[in-house]
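Enquirer: The structure is given below, and queries will be raised subsequently.
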């Protein structure tokens, strides 16, 4: 569901944690679960071959997502419940609207309960709508994610419009007559969002001050961990590489990922092991080999943590992958 369909598509489904890579139209992502538990998430998704879409997800697990957004589209995300989540380093709040420009490298830390409605629209269409709202031709739009905080009533109205539109378009999509160009109601909704951004002024927010500083520290540490995942990574080494104290690193991880650095390292190793296990039979790999390849040095603890995270043993994942 991440690639644009050749014909209109609609789905209203429950997603297990292994299915979350398909939860964003036009944005194939790599997902790493950050905590135990595997309650399903729900998504309603309407996609057009014209590269516009509506996604309405409600997530019920904690995970870290990384991906590159479609270079021809803009995403406009209306947050209903933030639950301490972040997107592109911006701490989300209830009643926030976030604009993600084309080609953005998207990172997100999702916590259980995050609910939003996102409209994906071709960049040219969004620029035209903004031009009408602004009363002048725009030569370019922002090249970085921006967010505005709306009044509760205004935000609720926008989300209600979007949900009603999704109900209508779901019926249309099921009949395979969804237009290639965004329909009038969709464009009208985008005009309301563009008007909110045009009048944002002091309501615009972003990663400022200490929040931005902590996010950069945690992101730099994440990059190092991913690059060196097969090595032993004591916290002292991580602090030295990033140039922070242990206390600063702990705080940066708590505020950015809601886990400690050690918990984050363990989670990334477990997720990488799961990805390898799903193709292990074809590559002639064993559970032990894979565990060692991702830096595990205690197989019993690895198996126990793996079961807590994914609800099955590494061996069961290997066997299930072999049957598929």
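Numbering (full-length UniProt numbering), first residue to last: 1 to 324.
Every residue, glycine too, gets a C-beta built ideally from N, C-alpha and C.
1) Since residue 295 and residue 232 should fall inside the 8 Å C-beta cutoff, what is the C-beta to C-beta distance between them, to a whole number of angstroms?
2) So, at 6 Å on beta carbons, what are the nonlocal neighbours of residue 38 in its own chain, with the 5 sequence-adjacent residues on each side left out?
3) Just tell me which of 31, 258, 8 and 50 has its CA closest to the CA of residue 124.
4) Pull up the distance between the alpha-carbon of residue 203 and that of residue 150, whole angstroms please.
5) So for residue 30, helix, strand or coil by DSSP?
6) Across the region 98 to 109 and the region 48 to 65, are there enough close Cβ pairs to call them in contact, namely three or more that are closer than 8 Å?
7) Quick check: what's the CA-CA separation for residue 238 versus residue 36?
8) At what residue ranges does the region 218 to 244 contain a whole run of the alpha helix (DSSP H), taking only runs of 4 or more?
9) Is the beta carbon of residue 26 less than 8 Å from the beta carbon of residue 69?
10) In three-state terms, what does DSSP make of residue 55?
11) Below 8 Å, how does it come out for the region 112 to 126 and the region 186 to 200: are there three or more Cβ pairs, yes or no?
12) Starting from residue 261, trace the beta strand (DSSP E) both ways and give me its first and last residue.
13) Would you mind listing the beta strand (DSSP E) stretches within the region 103 to 185 that are 3+ residues and don't spill past its ends, in chain order?
14) Determine, using beta-carbon pairs with one atom in the region 277 to 293 and one in the region 246 to 253, whether at least three such pairs fall under 8 Å.
15) Taking the continuous alpha helix (DSSP H) assigned at residue 250, which residues delimit it?
16) I want to check one thing, is the minimum distance from the CB of residue 167 to the heavy atoms of the ligand ZN below 7 Å?
Expert: In this structure, then:
1) Locating residue 295 in the chain shown gives position 295, counting from the first residue. Locating residue 232 in the chain shown gives position 232, counting from the first residue. Taking the Cβ atoms as the reference, residue 295 lies roughly 7 Å from residue 232, within the contact range of under 8 Å.
2) Translated into the one-based positions of the chain shown, residue 38 becomes position 38. Result list for residue 38: 17 and 311, in chain order.
3) One-based indexing of the chain shown puts residue 124 at position 124. Closest option to residue 124, judged by alpha-carbon separation, among 31, 258, 8 and 50: 50.
4) Residue numbering aside, residue 203 sits at position 203 when the chain shown is read from its first letter. Residue numbering aside, residue 150 sits at position 150 when the chain shown is read from its first letter. Caution applies to residue 203, whose pLDDT of 45 falls short of 50 and renders its modelled position unreliable; the model cannot decide the point.
5) Working through the chain shown from its first residue, we reach residue 30 at position 30. Residue state, collapsed to three classes: strand.
6) Contact between the region 98 to 109 and the region 48 to 65 is present, because at least three Cβ pairs lie under 8 Å.
7) Reading the chain shown from its first residue, position 238 is the one you call residue 238. Reading the chain shown from its first residue, position 36 is the one you call residue 36. Approximately 24 Å between the Cα atoms of the pair.
8) The qualifying runs are 235 to 242.
9) Taking the first residue of the chain shown as 1, we reach residue 26 at position 26. Taking the first residue of the chain shown as 1, we reach residue 69 at position 69. Yes; because the gap between Cβ atoms is below 8 Å, this pair is in contact.
10) Numbered from 1 along the chain shown, position 55 holds the residue referred to as residue 55. Residue 55: strand per DSSP, three-state reduction.
11) Counting Cβ pairs under 8 Å, three or more are found: they touch.
12) Counting from 1 along the chain shown, the entry for residue 261 is found at position 261. For residue 261, there is no enclosing beta strand (DSSP E); the enclosing alpha helix (DSSP H) has its first and last residue at 261 to 277.
13) 105 to 110, 115 to 122 and 146 to 149, all fully within the region 103 to 185.
14) Output reads no: the region 246 to 253 does not touch the region 277 to 293.
15) Along the chain shown, one-based indexing puts residue 250 at 250. Counting along the chain, residue 250 sits inside the alpha helix (DSSP H) bounded by residues 246 to 257.
16) This structure lacks the ligand ZN; in fact it carries no ligand of any kind.
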